[in-house]
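If you're matching positions, the sequence shown starts at 17 in the working numbering and goes up one per residue. Heads up, the beta-carbon is just placed ideally off N, CA and C, and yes, glycines get one too. Here's the structure we're looking at; comments come further down.
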Amino acid sequence: YNKVLCKKVVQSVQCTHNAQSRQKCRDIAQLAALERKDDGMAQPNSAKSVTTKKRSKKVVTVSDSKRCGVIMIKRCLWIVFLWRVAYSNPQCSTTEVKSLLEGCDRLTGLNITSVGGTIVNDHNCDVLLPKQVFIEEPLFQYPLADAKKFYTLIMVDPDAPPQVDGEFYLHMVKSNIPGLALRTMDSSKTVGIDYRGYKPPAPPHGAGPHRYITLLYEQADGNNFLPTVPSTRHRFSLAKWLVGKNICGPVAGMEFKSEY
17 YNKVLCKKVV QSVQCTHNAQ SRQKCRDIAQ LAALERKDDG MAQPNSAKSV
67 TTKKRSKKVV TVSDSKRCGV IMIKRCLWIV FLWRVAYSNP QCSTTEVKSL
117 LEGCDRLTGL NITSVGGTIV NDHNCDVLLP KQVFIEEPLF QYPLADAKKF
167 YTLIMVDPDA PPQVDGEFYL HMVKSNIPGL ALRTMDSSKT VGIDYRGYKP
217 PAPPHGAGPH RYITLLYEQA DGNNFLPTVP STRHRFSLAK WLVGKNICGP
267 VAGMEFKSEY
């Protein structure tokens, strides 16, 4: 031990093997001996200090492990969320509302039958009818509906004043309609959750023919679709209403005209 200290001193001060350097080494050796003696007396406390350090290190290690675990869980949850958003219904999309006003080329597949037996379908789409024909809620039928899925019906009038672009008069919103019910004509009225009731066509006198467009959307989340109810029927923005709602389509539609 003394030789090591002497070697370090010699290297640090670049001394030679003369009397002065040897004396310096002896002084350092004596100091080292005293330090060893002090270390021996303080050994229990030193051991305790080492143990404390080990425990502290262990605590830090456990804390780091927990922190890593929390981070990994958060990352996993985030990945699961992104996966569900991306793959829950990859084919679900909505058509631009403006294109739905282009007429019967965009609106096909939906059959509308009045209480009196008048039928509007692909063969007479855009037909002009007296407003009394649909004074009561008609029956809507979609022969291609999936029996295992649920649908939402929306009926609007794009010609109601003030005729602001993208805004309509809302005649009906009905959701959670079973696909099986749309494929049959067993009832006089389409079953489902009716949010505002059916408002029949009522074009004012002298206003000319109004278009009445009915759109059928497929619900991506089964029968768990509970949309917010518009506060008013006037100036209903279909595009804004569709934002954030997990519905697809429209998968079918139909249009007829009515006048006073």
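It is roughly 9 Å from the alpha-carbon of residue 197 to the alpha-carbon of residue 208.
When the five nearest sequence neighbours on each side are left out, the beta carbons in the same chain lying within less than 6 Å of the beta carbon of residue 266 are those of 231, 232 and 233, in order along the chain.
Residue 227: member of the beta strand (DSSP E) spanning 226–235, first to last residue. Buried is the label assigned to residue 269, since at least 16 other Cβ atoms lie within 10 Å of its Cβ. With fewer than 16 other Cβ atoms inside 10 Å of its own Cβ, residue 247 counts as exposed. In chain order, 169, 208 and 210 place their CB closer than 6 Å to the CB of residue 190, counting only its own chain and leaving out the 5 sequence neighbours on each side. Sequence-distant Cβ neighbours of residue 159 in its own chain, meaning closer than 7 Å and more than five residues away, are 199. If you compare the alpha carbons of 251, 141, 259 and 174 with that of residue 117, the shortest gap goes to 174. When the five nearest sequence neighbours on each side are left out, the beta carbons in the same chain lying within less than 7 Å of the beta carbon of residue 253 are those of 182 and 183, in order along the chain. Distance check between residue 222 and each of 215, 240, 228 and 177 places 177 closest, using alpha-carbon atoms only.
Between residue 166 and residue 241, the C-beta gap is smaller than 9 Å, which places the two residues in contact.
With a beta-carbon spacing of about 5 Å, residue 131 and residue 152 fall inside the 8 Å limit used to define contacts.
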